[in-house]
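First the structure, in the form of C-alpha cells, and then the observations on it.
Number of protein chains: 2
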Amino acid sequence: MQTAVATAKVWIGGEWRDSDAEGVFEPENPATGEKLGREFPVSRWSDCDRALTAAVAAAHELETVAPEKIAGFLEAYAKELELDADAIVQAAHEETALPVSPRLKDVELPRTTDQLRQAAAAARQGTWRRPIVDQGKNLRSCYAPIGPVVVFGPNNFPFAFNGVSGGDFAAAIVAGNPVIAKAHPLHAYTSQRMAEAAARALQSTGLPPATVQMIYKLNHENGARLVSDPRIGASGFTGSKGAGLKLKHAADTAGKPIYLEMSSLNPVLFLPEGLKENAQKWARELADSCTLGSGQFCTRPNLAVAVAGEATEAFLQELTAAIASREPHALLSSSTRDQLHESISALQHAGATLLTGGKNVPGPGYRYASTLLRVSGKAFLSAPEELQREAFGNEVMVIVAADEAELLRVLEHLEGQLTGTVYSAAAGADDDLYARVEPILRRKVGRLLNDKMPTGVAVSPAMNHGGPYPATGHPHFTAVGIPTSIARFTALHSYDNVRPERLPAFLR
Amino acid sequence: MQTAVATAKVWIGGEWRDSDAEGVFEPENPATGEKLGREFPVSRWSDCDRALTAAVAAAHELETVAPEKIAGFLEAYAKELELDADAIVQAAHEETALPVSPRLKDVELPRTTDQLRQAAAAARQGTWRRPIVDQGKNLRSCYAPIGPVVVFGPNNFPFAFNGVSGGDFAAAIVAGNPVIAKAHPLHAYTSQRMAEAAARALQSTGLPPATVQMIYKLNHENGARLVSDPRIGASGFTGSKGAGLKLKHAADTAGKPIYLEMSSLNPVLFLPEGLKENAQKWARELADSCTLGSGQFCTRPNLAVAVAGEATEAFLQELTAAIASREPHALLSSSTRDQLHESISALQHAGATLLTGGKNVPGPGYRYASTLLRVSGKAFLSAPEELQREAFGNEVMVIVAADEAELLRVLEHLEGQLTGTVYSAAAGADDDLYARVEPILRRKVGRLLNDKMPTGVAVSPAMNHGGPYPATGHPHFTAVGIPTSIARFTALHSYDNVRPERLPAFLR
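Protein sequence lines, in the order shown, are assigned to chains A and B. To convert, count from 1 in the first sequence and add 2; that's our numbering. To convert, count from 1 in the second sequence and add 2; that's our numbering.
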C-alpha cells in the first residue's frame with residue numbers, strides 16, 4: 003500500500019485537528035507483518051500544551067455539570083461504541099491480531115461498554131463523594147475531582163484499558179475530570195474510531211467537548227513532561243515497568259499523583275498433596291492459562307512454584323507436553339516478540355532451564371513458541387531479582403523448591419504482584435502448609451486466589467486490580483472495580499464554617 | 003548542670019536498650035537557653051535495622067490479634083498518659099516553652115488522649131476495613147494493614163502529632179500496623195516518657211511489645227534509608243518541606259508510600275465590602291491567630307490577601323499596631339528562630355516591605371518580634387515562588403492586590419495549601435466576588451473556611467488536614483480525622499474463590 007495517505011488528526015479541544023507532529027508512524031498487522039495503510043502523528047509538546055489548556059477549562063465547566071449529565075454521556079458513549087462495533091472490532095483485530103471471537107467482539111467490547119454503564123450508575127449514585135457532615139463542628143467533607151487526568155493505555159487491551167474508553171478513563175470521568183488519552187500506537191486506528199464515538203456522545207449530551215481529548219504518540223520526554231505539568235491533577239498508566247518508572251519519577255518529582263500498573267508474574271503455587279492427585283489436570287489448566295491470548299494479559303501466570311517430588315515431575319512432564327502442543331498465535335507486535343525472547347534468554351542466563359519453546363515460530367506474523375522454563379528454588383534464591391524478570395507473552399517458569407522450607411523462602415523473596423494463587427488438595431491435606439504460605443503470599447499480592455487461574459479480571463466492586471510495588475505504584479488503590487477505582491482521581495475537600503448557600507448541594 | 007548523665011535508651015523490640023549511637027545530643031529549654039541536663043542518642047543504622055526486624059515480626063503477630071485487643075491497648079495507653087500527665091506536661095513545657103495552660107495540659111494532651119480513644123472506637127467498629135462481598139463472583143475485598151509504619155513527628159506538637167502518640171501513630175495502629183516512631187529531638191524526654199506509657203500499656207494488654215518502638219534522632223541518610231527499606235509498609239512525616247522532600251524522594255524511588263505534611267501558608271482573603279465594615283475586628287482576629295503559640299501551627303495564617311483601598315489601609319494600620327503589641331513568646335528552638343529570621347529576610351529581599359518586627363527580641367530564650375510584611379499583588383506576581391516561602395513562626399505577609407482581577411491572578415499563582423479562608427460581608431455584598439474566588443481557591447486547598455481563622459484542627463470525621471502538593475504529598479489523604487486518616491496505612495486485598503474457612507471472619 004504505497005498510496006499517499008492523510009495523517010490522522012488528533013482530538014484536542016473539541017476539534018479533529020492536524021497534529022503539530024514531529025514525525026509519523028504506520029501501524030501494521032502483527033498477524034501478517036504488513037502495513038495497514040494508515041499514518042498517525044507523533045505529537046510535539048505544543049499538542050499537549052493545547053490539550054492541557056483545554057482540559058483546565060473543561061474541568062472548570064464540569065464542576066457545575068449535573069452528575070446525571072455525566073452519566074448520560076457515559077451511556078451515550080457505550081451506545082455509540084455498540085453502533086460502530088463492527089468497524090471497531092475489525093480495526094482492533096487488524097491492529098492487534100487478537101481474535102474477533104471469543105475475544106474482541108463478544109468479551110472485551112461488551113466488558114468495556116458494561117464498564118462505562120457501571121460508571122454511569124456510579125456517577126448517578128454519587129457514593130464516590132463519601133460526604134461526611136459534622137453538624138456540631140459545622141464541618142463537612144467530601145471527595146472532589148482531582149483535575150485533568152492523563153491516561154496512558156497499554157498495548158494488550160485495545161478497548162477495556164484504552165486511555166479513551168477503559169477503566170482509568172471511566173473512573174476519571176465519573177469524578178468529573180476531563181481525560182487526555184494517550185492512545186497506544188499499536189492500536190491507533192481503533193483508538194481513533196473510539197474517540198470519534200466519544201466525540202459524538204459529547205456532542206449529543208452537551209458535555210464540554212474537551213472532556214475527552216486524544217493524541218496517539220509522544221516521545222519519552224514529552225510523556226514525562228505531561229504527567230508533571232502543573233495543570234494536571236493525576237495520571238493513569240498501564241504498561242511496561244521501564245516506561246512506567248520513567249513516568250513515575252517525573253510525576254513524583256512534581257508532586258503529582260500517578261497510578262501505575264506495571265508488571266506482575268502472578269505466581270501460582272501447587273501444594274504437594276494436591277499435586278499428587280491433580281498433576282495432569284493442573285498442568286493443563288496452567289498451560290491453558292499462560293498461553294491464552296498468547297499470555298498477553300496483566301494477570302496471566304508467568305511463574306509457578308512447586309515442591310520437588312514425583313508428582314512435580316509428572317506435572318512438569320504433562321506441562322511440557324501441553325505447552326509444546328499449543329499452537330502459538332501472533333503477538334501484538336514485532337517488539338513484543340523481541341522483548342519476550344530477550345526476557346526468556348535473560349532468565350536462562352540467570353539460571354533457568356528451557357523445557358520447551360524459546361524461539362520464534364516461522365511463517366507470517368510475529369509468533370513465538372509457547373515456552374516453559376524450570377529453575378530450582380536454590381538457583382532462584384541466588385538471583386531472585388534476575389529471575390523475576392517479566393516475560394510478557396506465552397511463557398511460564400516453574401520454580402521447584404527442594405522442600406517446604408525452601409518454598410517459604412522463595413515466597414519471601416517475591417516482589418509485589420497483582421495476583422497470587424494457591425492450588426491445594428480438596429480434602430484438606432495441604433491445609434497445614436497453606437496456613438504457613440498464606441500470610442507471606444497475602445502481603446505480596448493484591449488479589450489472592452484459590453484453585454483457579456488468575457487470568458481474567460472481573461468488573462466487580464470487590465475486585466482489586468492492584469497490589470504492592472512494583473506491580474503498581476501504591477497498594478491502596480485498584481484500577482478495576484467501580485466505585486473503588488474512582489478514588490484514585492479524587493481529592494479530599496473539607497468545608498469549615500462555610501455558609502450554607504455556598505456549600506455543594508449534597509453537603510447542605 | 004555538668005554532672006555526668008546516662009544517655010537515654012531507645013525502645014526497640016520490647017526493650018529499653020542502649021542505642022548503637024553515633025553521637026549524643028543534649029536538649030535545652032528554649033525559654034532560657036539552658037541545657038536540661040539530659041542526653042539522648044543519635045541512632046546508627048543498626049538501631050533501625052533491629053527495629054525493622056522486630057516490627058516485621060510484630061506485624062505478623064498483629065494479623066491474628068482481635069480488634070478488641072488493639073482498641074484495649076489504645077485506651078490503656080490514653081489512661082497511662084493521663085496517669086503520668088503532670089510529668090509529661092512538665093517535660094514538654096521545659097523542652098518546647100509551650101505554655102502549660104491553656105495549651106499542653108488542657109488542650110493538647112486531652113486532644114491526644116481523645117484521639118487515641120477515637121482510634122480505639124474505630125478499631126472496634128472496623129469500618130476502615132470497608133468489606134465488599136460479591137457472592138455471584140465469589141469475590142471479596144477489604145482494606146488490610148500495609149505493614150510496619152515509620153512516623154516522623156514534628157517539632158511543634160509534642161503530644162498530638164508525636165510519632166509515638168499522635169494522629170499518624172493512632173491511625174497506623176488501628177489498622178494493625180506496628181509503628182517505629184522517630185521522636186523529634188526537640189522534645190526527646192517528653193517522647194521518652196510517652197513511650198514508657200506506651201510500653202506499660204503494651205504489657206498490660208498483651209500486645210506484641212514491638213507494636214511500638216522509638217528512637218530519637220537519625221542522620222539524613224539513615225532517615226532516607228528507613229523510609230525506603232523493603233521491610234516497611236509506609237511512612238508518615240510532619241515537618242519542614244526541605245526534610246520532607248528528601249524523604250519523599252527516597253520513598254518514591256523505592257516504591258514505598260509516604261504521607262507528608264510539609265508546609266502551608268494558609269492564605270486568608272479579606273473581601274473588600276466586608277473589610278469596609280470590619281477592618282479593625284478582622285485585623286485583631288488575624289493578629290491573634292498568627293501570633294498564637296508564636297505562630298508555630300501548621301494552619302496558622304502566614305499570608306493574607308486584600309484589595310487596595312481605604313479599608314485595606316485602615317486594616318493594615320490596625321494590624322501593624324496589634325502585631326507590634328503582641329508580647330512574643332519563646333520559639334521552639336534557636337534554629338526555629340534562625341530559620342524564621344532567614345525566611346523573613348528572604349521575603350523582604352524578594353520584594354516585601356517590613357511593617358513591624360523582623361528582629362530578635364533580647365532577653366532569655368529564643369524570642370522573635372511578631373512580624374508583619376506587606377507586598378503588592380504586582381510584586382507577588384513577579385516572584386510568586388520566592389514570595390511563597392514559608393516563615394514558620396509569628397509572622398504574616400499581606401498581599402495588597404491592585405484590583406479584583408489582580409486578586410484572582412494572585413490566587414491562580416498560589417501553591418497547594420492545607421487551608422484557605424475567605425472573610426466577606428455578612429449581608430452578601432461580596433457574594434459576586436466570592437463566586438469568582440471560590441473555584442480557584444477550592445482547588446488549591448484541603449480545607450476551605452469562611453469567616454474564621456484556620457488555626458486549630460478539630461478531630462472530626464469531616465476534617466481534612468491535607469491538601470495539594472506541596473502542602474502534602476497526595477491530595478486524596480488526610481492526616482487528621484478518624485476513620486478517614488486510617489486509609490493511609492492500608493492496602494487493598496481481594497479474595498477470589500478463596501475457600502470459606504480461609505477467609506477473614508468479616509468476609510465470610
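Note that the Cβ used here is the ideal one computed from N, Cα and C, for glycine as well. If you're wondering where the values come from, they're calculated on a predicted model, not measured in any experiment.
Next on the checklist: Quick check: B/Thr480 and B/Thr486, are their CB atoms within less than 8 angstroms of each other?
Outcome noted: yes
Checklist entry - Do you know how far the Cα of B/Gly128 is from the Cα of A/Pro210? => result 41 angstroms
Item to check | Close beta carbons around A/Gly178, own chain, < 6 angstroms, minus the five adjacent residues each side | outcome: Leu64, Pro147
Next on the checklist: Between the alpha carbons of B/Ala281 and B/Gly165, how many angstroms are there, rounded?
Outcome noted: 41 angstroms
Checklist entry - For B/Thr293, does the count of other Cβ atoms within 10 angstroms reach 16, so buried, or fall short, so exposed? => result buried
Checklist entry - According to DSSP, is A/Leu100 helix, strand or coil? => result coil
Item to check | Minimum C-alpha distance to B/Gly235 - residue among A/Gly469, A/Ala326, A/Phe508 | outcome: A/Gly469
Item to check | Exposure label - B/Trp116; buried when at least 16 CB within 10 Å | outcome: The identity of residue 116 of chain B in the sequence shown is Asp, whereas the question assumes Trp. Under this definition B/Asp116 is an exposed residue.
Item to check | Three-state class that DSSP yields for A/Lys361 in the structure shown | outcome: coil
Checklist entry - Are the Cβ atoms of A/Ala94 and A/His189 separated by less than 8 angstroms? => result yes
Checklist entry - For B/Pro150, which of B/Met399, B/Ala197, B/Met216, B/Gly297 has the nearest alpha-carbon? => result B/Met216
Checklist entry - Which residues does DSSP pair with B/Gly241 in a beta bridge? => result None; B/Gly241 has no bridge partner.
Item to check | Inter-residue Cα distance where the pair is A/Ile90 and B/Lys139 | outcome: 29 angstroms
Checklist entry - Exposed or buried, which one is A/Asp434 when buried takes at least 16 other CB atoms within 10 Å? => result exposed
Checklist entry - Does any CB atom of chain D fall closer than 8 angstroms to the CB of A/Val109? => result Among the protein chains of the structure shown, namely A and B, there is no chain D.
Item to check | Helix, strand or coil at A/Ala512 [DSSP, three-state] | outcome: Since the first and last residues shown for chain A are 3 and 510, residue 512 of chain A lies out of range.
Checklist entry - Using the beta-carbon of each residue, which ones in chain B are nearer than 8 angstroms to A/Phe479? => result Leu494
Checklist entry - If you measure from the beta carbon of B/Ser167 to each beta carbon in chain A, is any gap under 8 angstroms? => result no
Next on the checklist: With a threshold of 8 angstroms between beta-carbons, can B/His343 be considered close to chain A, or not?
Outcome noted: no
Next on the checklist: Once DSSP output is grouped into helix, strand and coil, what is the label at B/Pro211?
Outcome noted: helix
Checklist entry - Which two residues bound the contiguous beta strand (DSSP E) that contains B/Glu17? => result 17 to 19
Checklist entry - To which residues does DSSP link A/Thr314 through a beta bridge? => result Beta-bridge pairing links A/Thr314 to no other residue.
Checklist entry - Start and end of the beta strand (DSSP E) containing B/Ile343? => result A small correction: the amino acid at residue 343 of chain B is His; Ile does not occupy that position in the sequence shown. Run containing B/His343: none in the beta strand (DSSP E); it sits in the alpha helix (DSSP H), 336 to 351.
Checklist entry - With 16 other CB atoms within 10 Å as the buried threshold, where does A/Val12 fall? => result buried
Checklist entry - Taking the alpha helix (DSSP H) that B/Thr421 falls in, what are its first and last residues? => result Not the alpha helix (DSSP H): B/Thr421 falls in the beta strand (DSSP E), residues 419 to 425.
Checklist entry - Counting only beta-carbon atoms, is A/Ala125 nearer than 8 angstroms to chain B? => result no
Item to check | For B/Thr457, the three-state DSSP class (helix, strand or coil) | outcome: coil
Next on the checklist: Would B/Ile72 pass as an interface residue toward chain A - the criterion being a Cβ-Cβ separation below 8 angstroms?
Outcome noted: no
Checklist entry - Which chain A residues are close to B/Gly149, counting only those with a beta carbon under 8 angstroms from its beta carbon? => result Arg445
Checklist entry - Hey, does A/Leu451 have any beta-carbon neighbour from chain B nearer than 8 angstroms? => result yes
Checklist entry - Closest Cβ-Cβ distance between A/Arg501 and chain B: below 8 angstroms? => result yes
Next on the checklist: Suppose the cutoff is 7 angstroms on Cβ atoms and the five residues either side in sequence are ignored; what does the same chain contact list for A/Phe27 look like?
Outcome noted: Phe42, Val44, Pro187, Lys219
Checklist entry - Got a sec, what are the start and stop residues for the beta strand (DSSP E) B/His495 sits in? => result 492 to 498
Checklist entry - When DSSP builds the beta bridges, which residues end up paired with A/Trp13? => result A/Trp18, A/Met216
Checklist entry - So A/Gly367 and A/Pro69 are in contact, right, with Cβ under 8 angstroms, and what is the actual spacing, rounded? => result Not quite, the Cβ-Cβ distance comes to about 46 angstroms (not below 8 angstroms), so this is no contact.
Checklist entry - Buried or exposed: B/Asp49, going by 16 or more other Cβ atoms within 10 Å of its Cβ? => result buried
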